[in-house]
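**Q**
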Amino acid sequence: MSSNLLLADIQKAFLQIAIKEEDRDAFRFLFERDEKEEHFRFARVPFGVEASPFLLGATLEYHYDQQSPELEERVTALRESTYVDNIMQTGNNIDKLEKFKKESEVILESAKLPIHKWESNIATLEDENMSNPSKILGHVWDKREDTLEIQVPAVRETEPVTKRSILSQLGKVYDPLGIISPTMAEGKHIYREACEEKKGWNAERMRRAYEDAKENRQSKEQRLEKMATRIRTQFNGKPTSKRKAS
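My numbering applies: residue -1 is where the sequence shown begins, and numbers increase by one.
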């Protein structure tokens, strides 16, 4: 497992891509001015359009393919480290990460796609004036402590405990990598019990359900208070109750 992370962003990546004149009708929009509707067309790929990530990805692939064969190894490393407009590379060797940083800048600069906001848990690899902590894939990243913070919203005591509110609470935890999935099992069990009651979405459950939810949250806080940045232990286990774990 690599111990160092290098992270960067392609500056204004979508806006660097021009739209052909004959394709701009697909990016037409209306703008009201002086109580009149005016028609406009985007000349650059806008952020937020469904096709935008594909257009950016195809553009990057085109430029990667245009590089000379001598750069194949470096281009492959950059291609595998690119996620939409973000670049992420891991490694244990700081010199190799520094080399990757410089070579990536040269390759993408040739495509007029400048890289900026270099961040790392290694201070010498960072751009100047980068804030700490910062955000990485929706999580708070403390680069000096090298820790990730996954936020679990508080359960409001005044909120009725219903099937809808339980599912809503579970959905508020943003964890696409599944880092804290094991701690969510009890909450999912509480929701399953609510479903088994055969009540409506807004029917209030017994007070015991709230106490279960509160206890579940406190348990999460205790388990997540401090997580090791590097885990080298393998865990094996099986559920004690098939019904509860499913």
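In this text, a Cβ means the ideal position worked out from N, Cα and C, and glycines have one as well.
As the structure is a computational prediction, the values presented were derived from the model and not from experiment.
#1: Compare the Cα-Cα distances from ILE252 to each of GLU30, GLY136, ARG142 and report the closest residue.
#2: Please state whether the Cβ-Cβ distance between PHE40 and ILE17 is less than 8 Å.
#3: Kindly indicate which three-state DSSP category ASP144 falls into: helix, strand or coil?
#4: May I ask you to report which of helix, strand or coil DSSP gives THR156?
#5: Which full runs of the beta strand (DSSP E) of 3+ residues lie inside the segment 86 to 145, going along the chain?
#6: Exposed or buried, VAL104, counting other C-beta atoms within 10 Å across all chains shown (16 or more means buried)?
#7: Looking at TRP199: is its Cβ nearer than 8 Å to the Cβ of ARG162?
#8: Taking the C-alpha atoms as reference points, what is the distance between LYS97 and LYS34?
#9: What three-state label does DSSP hand ARG190 in the structure shown?
#10: When DSSP labels each residue in this structure, what does LEU175 get in the three-state scheme?
#11: Quick one: using the 10 Å Cβ neighbour count with 16 as the cut-off for buried, is ALA121 buried or exposed?
#12: Pick out whichever of ILE85, ALA109, ASP23, VAL82 has its Cα sitting closest to the Cα of GLN64.
#13: Cα separation between PHE12 and SER129?
#14: Determine the direct distance from the alpha carbon of LEU3 to that of GLU157, and round the result to whole angstroms.
#15: Measure the alpha-carbon distance for ASP23 versus PHE38 and round it to whole angstroms.
#16: Given SER118, which residues of its chain have a CB within under 8 Å of its CB, disregarding the five upstream and five downstream residues?
#17: CA-CA distance, PRO51 and VAL82?
**A** Taking the definition as stated:
#1: A query on residue 252 cannot be resolved here, the shown segment of the chain reaching from -1 to 244 and no further.
#2: yes
#3: coil
#4: coil
#5: 113 to 118, 132 to 134, 137 to 140
#6: exposed
#7: yes
#8: 55 Å
#9: helix
#10: coil
#11: exposed
#12: ALA109
#13: 24 Å
#14: 41 Å
#15: 9 Å
#16: ASN2, LEU3, LEU4, LEU5, LEU95, GLU124, LYS141
#17: 6 Å
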